[in-house]
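Engineer: Line by line, the protein sequences are chains A and B. For the record, in the first sequence the residue sitting at position 342 is 342 according to our numbering, with numbers rising by one throughout. For the record, in the second sequence the residue sitting at position 131 is 131 according to our numbering, with numbers rising by one throughout. The following block contains the structure, expressed as structure tokens.
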Amino acid sequence: MKTLTATALALILSAAAFAAPAAAEGKLTISSPQDPGGWDPIDTFLVNWASVATNVFEGLTYRGPDMELVPGLAEAWEELDEGKRIRFTLRQGVTFQNGEPFTAEAVKFTFDRLLGEEGGKGPQQSNYTSIAEVQVIDDKTVDFILKEPDPVLLTKLAGYGAMIVPPKYYAEVGDAEFGMKPIGTGPFKVTSYEPKVGVKLEANPDYWGGAPKLSELEYRFIPEPATAVAELQSGGVDLVIPPTIPIGMIPTIEADDNLEIVSTAGPTVAALRFNTRDGITKDPNVRKALIMAVDRETIVSSILAGQAETIGSFQGKDSFGYSADLQPLPYDPEGAQKLLADAGIQPGATVEINTRGNDSTFNEVAQAVAAYLSTVGIVATIKPYETNVLLNDIIPQGKTGAMFQQSWGGWTFDYDNTAYAMYHTGQKWNPYDSDPELDKLLEAQRPMTDKAEREKLLQDIAVYAADRALEMPLYNLNAIYAINKRVENFTPAPDSRLKLNEVTVK
Amino acid sequence: MSRFRSLEFILGAGITLVICGLVLASGWLFPDVGKIDLMARLLPPFQQAGHPFGTDPLGRDVLARAVAGGKISLTVGLVSVAGSVVLGVIMGLVAGYYRGIWDVILMRFADVQLALPFILLAITVIAVIGGSLTNTIILLIVSQWVQYARLVRAQVLALREREFVLAAQAIGVKNRNILFQHLLPNLLGPVIVLMTLNVANNILLESSLTFLGLGVDPTIPSWGGMLAEGRTYLQSAWWVSVFPGLAILFTVLGLNLLGDWLRDQLDPTGRTER
């Protein structure tokens, strides 16, 4: 008994000894649905790459969960030559996790690699083609020379392909090895990566923003939601990140006293887009009638458990180009019936809705939409496709039914990313429509450097698209995190790019 | 022994008849089976008068859907098995009896077919010809006839050297008659066992296809589709998937009992291996 007490006492003392000096003790285990297969910034476009890599790498700018663009590895910047040159003043005294200093040369190396032959093999280069060249002015100054002004560039420098990489280390280990053992300037360093299983990170005590408050991070790749939730319930993981948790599992998590759901409006918006070329949906009034026939508020509050918000255009409220003035069309079945009657649509007219077969939540939504349409005399059938077939064949080739699912979201939260792809003539996602007026608007906003002017134009585009009822805007889905209550100081990132240096565990 | 066997028949036939009867009468029993009511989502079973088995995530009655869902599932299960049996048995008989070039061609073809994983085949085929009930059935037939062909061929190889076949050949019975009158009845036992297993299996395969979005319109209920829909609700609303699951269970049980009994009737001395 005595020895037991003594042991216990020793344990408590040693635990206290460890806990006292170190804010940097504790491990957080995270379930991520996807293994990106490597960590090189120029080789990926997966959001779950960024869920890990935001802790490892940094860019010249930084955008956190509050969506404000703030200085990252650059302390300041100014736009010169009417937006065709951006001058960055670099942060001093920053080192990479292997001790290599962060310099102007590293910035130049990063973008030479991204825009050169190496970057051409990956998917990131195309996002940064507005950059003509990076010039080193002195140790702490670089100039970005642009081919044309790019209003979204500063945001794009906060993520993915623009993450600064260490030139010496890269030269030492080579390309393949760098993808497996990445080194950046971020608060955590990758210690081991096992493909398909997980990746382990340890704190970088020399991080310029202050040592992180956790000593260890472990990401486990768990694609199956039921498994991830079971692990969360059993304590095997502390945090399940999007896009994992299906709406249907939220009650299960909320019923558990140790767990909770934290969510925030995410980048993903969902709509049923119309075939504006053929059939009854050729008529904008019919399209409006179909929108009015569907009670989107009820769909959001019931099927989506309130984890979404209805939208009036194809963007969420965090999107640049959103305007609160543009409200969704009201739910008005009588008005819809009148519009249909005026358009000469007989009761019993049919529409086909195409969905992604493996998206269980959206298939429920589509069935509810079909039920609402039946109340105004439209017979809707649902034809699901395998996701890749729908995205790479059915939609681009214009082989859809009258309506088809489009789930969309870009981490830049800029409406241009959506509107240009959806509405501009000849785009992959726009098989049916061609509107010279709209094309002109879309092209006009791209080179604008005046932020307010550009925002106004993007808002006008949203109104224009809504007037033509080019799609049935449904909702902006939340980014849903399930978390163990022992985790503290966690802020859900709308774009799933979590930086965990301020998080602690009990 | 015989009492147990007749009990098997009564249970098997009883369960199968009740399920088939209910499924056939579903249109009359539940006229508004697909009615969506978002105000009555996920009601638990045994509490609401109108919904004895509760409601699903769209507020539809689970009992009505579980009964109506049998139409698709039983059609797929039975028709696809019947189709692959006919195709597989003929191929197996021909290959095993005539040997030679037919055997080589058919069996190498079967090897190739077995090397293709079903889901891969399904995704490819559905991507090319599109998803529908007929296509799902054809796909299942194409992917499963091989099993019957191999089974039958192996049986024929053993039987063709037996005295009754040699005797039939000696007195000049036509090959076609030997195949269908002498060989076929003697190898039906294992085929029937495999059939009863495959009906269940195909109901489940139909469900995985529906789950992957390769199957039929989700507004038309099917057991597999209901299981897939209820999966994410398993912990919070078990009834959504448990009742269609039970429907599959009892269907399979009934068919297996019936198949077992039938096998014994066709092969009373238990000559063929079980």
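Built from N, CA and C at the ideal position, the CB exists for glycine as well. Given the structure is predicted, the values throughout are model-derived calculations rather than measurements.
1) Compute the Euclidean distance between the alpha carbons of R287/A and L87/B, then round it to the nearest angstrom.
2) Going residue by residue through the region 41-118 of chain B, where are the continuous alpha helix (DSSP H) segments of at least 4 residues, counting only ones entirely within it?
3) Output needed for Q337/A: all residues of its chain with C-beta closer than 6 angstroms, excluding positions within five of it in sequence on either side, in chain order.
4) In three-state terms, what does DSSP make of D43/A?
5) 7 angstroms is my cut-off, CB to CB: does A127/B come that close to chain A?
6) Once you ignore the five residues that flank L277/A on each side, which residues in its own chain have a CB closer than 6 angstroms to its CB?
7) Start and end of the alpha helix (DSSP H) containing P284/A?
8) Check I345/A in the structure and name its three-state DSSP category.
9) Spatial neighbours of V152/B within its chain, please: C-beta separation below 7 angstroms, excluding the five flanking residues on both sides.
10) So Y233/B contacts chain A; which residues on that side make the cut at Cβ distance below 7 angstroms?
11) What would DSSP say about P225/A, mapped onto helix, strand or coil?
12) Per DSSP, F274/A forms a beta bridge with which residues?
13) Please report the straight-line C-alpha distance between T95/A and N204/A, rounded to a whole angstrom.
14) Rounded to a whole number of angstroms, what is the C-alpha to C-alpha distance between A419/A and Y160/A?
15) Would S32/A pass as a contact of N55/A if the rule is Cβ separation under 7 angstroms?
16) Please classify F320/A: does DSSP put it in a helix, a strand, or coil?
17) Note down, in chain order, each residue of its chain lying with its Cβ closer than 7 angstroms to the Cβ of L11/B, except the 5 sequence neighbours on either side.
18) Please report the straight-line C-alpha distance between D206/A and E172/A, rounded to a whole angstrom.
19) Quick check: what's the CA-CA separation for A23/A versus M472/A?
20) Give me the subset of the region 293-305 of chain A whose CB atoms are less than 9 angstroms from a CB atom of chain B, sorted by chain position.
21) Starting from the beta carbon of R41/B, find every residue of chain A whose beta carbon is closer than 9 angstroms, and list them in chain order.
22) Leaving aside the five residues before and after W208/A along the sequence, list all residues of the same chain whose C-beta is less than 6 angstroms from its C-beta, in chain order.
23) When burial is assigned at 16 or more other CB atoms within 10 Å of the CB, is R302/B buried or exposed?
24) By a C-beta neighbour count over all protein chains shown, 10 Å radius and 16 as the cutoff for buried, is A324/A buried or exposed?
25) Taking only three categories from DSSP, how would you classify Y331/A?
26) Does chain A have any CB closer than 7 angstroms to the CB of T75/B?
27) Using the C-alpha atoms, what's the distance from G186/A back to K213/A?
28) CA-CA distance, D150/A and Y193/A?
29) Check A203/A in the structure and name its three-state DSSP category.
30) Check whether chain B comes within 7 angstroms of A371/A, counting only Cβ atoms and requiring the distance to be less than that.
31) Candidates L500/A, V505/A, R468/A, Y415/A: which alpha carbon is nearest N484/A's?
32) Taking A512/A and S313/A to be in contact with their CB atoms under 8 angstroms, please state how far apart those CB atoms are, rounded to whole angstroms.
33) Does the count of Cβ pairs from the region 219-238 of chain A and the region 435-444 of chain A closer than 8 angstroms reach three?
34) Count the CB pairs spanning the region 349-360 of chain A and the region 374-389 of chain A that are closer than 8 angstroms, and state whether there are at least three.
35) Report the residues of the region 353-383 of chain A with a CB closer than 7 angstroms to any CB of chain B, ordered along the chain.
36) Quick check on the DSSP output: what are the complete beta strand (DSSP E) runs of length 3 or more inside the region 62-99 of chain A, in order along the chain?
Structural biologist: In short, the structure shows the following:
1) 49 angstroms
2) Within the region 41-118 of chain B, the runs of alpha helix (DSSP H) that reach at least 4 residues and sit entirely inside it are, in chain order, 62-98, 100-115.
3) V376
4) Helix, per DSSP.
5) Yes - at least one Cβ of chain A is within 7 angstroms of the one on A127/B.
6) The identity of residue 277/A in the sequence shown is Arg, whereas the question assumes Leu. Contacts found: Y432.
7) 284-292
8) coil
9) G88, V89, G92, L93, G96, L187, V191
10) G248
11) helix
12) M403/A
13) Their backbone Cα atoms lie some 11 angstroms apart in a straight line.
14) 22 angstroms
15) no
16) strand
17) L257
18) 22 angstroms
19) Any answer about A23/A is weak, because its pLDDT of 47 lies below 50 and its placement is not dependable; what the coordinates show is given next. Whole-angstrom Cα-Cα distance: 50 angstroms.
20) D295, T298, I299, S301, S302, I303
21) S302, I303
22) Answer for W208/A: V94, listed in chain order.
23) Absent from the model: residue 302/B. The displayed extent of chain B is 1 to 274, so no value can be given.
24) exposed
25) coil
26) no
27) 13 angstroms
28) 36 angstroms
29) strand
30) For A371/A, the answer is yes, since a Cβ of chain B falls inside 7 angstroms of its Cβ.
31) V505/A
32) Absent from the model: residue 512/A. The displayed extent of chain A is 1 to 506, so no value can be given.
33) No: fewer than three Cβ pairs fall under 8 angstroms.
34) yes
35) R356, G357, N358, S360, N363, E364, Q367, A368, A370, A371, T381, I382, K383
36) Counting whole runs of 3 or more residues, the region 62-99 of chain A contains the beta strand (DSSP E) stretches 69-71, 74-80, 85-90.
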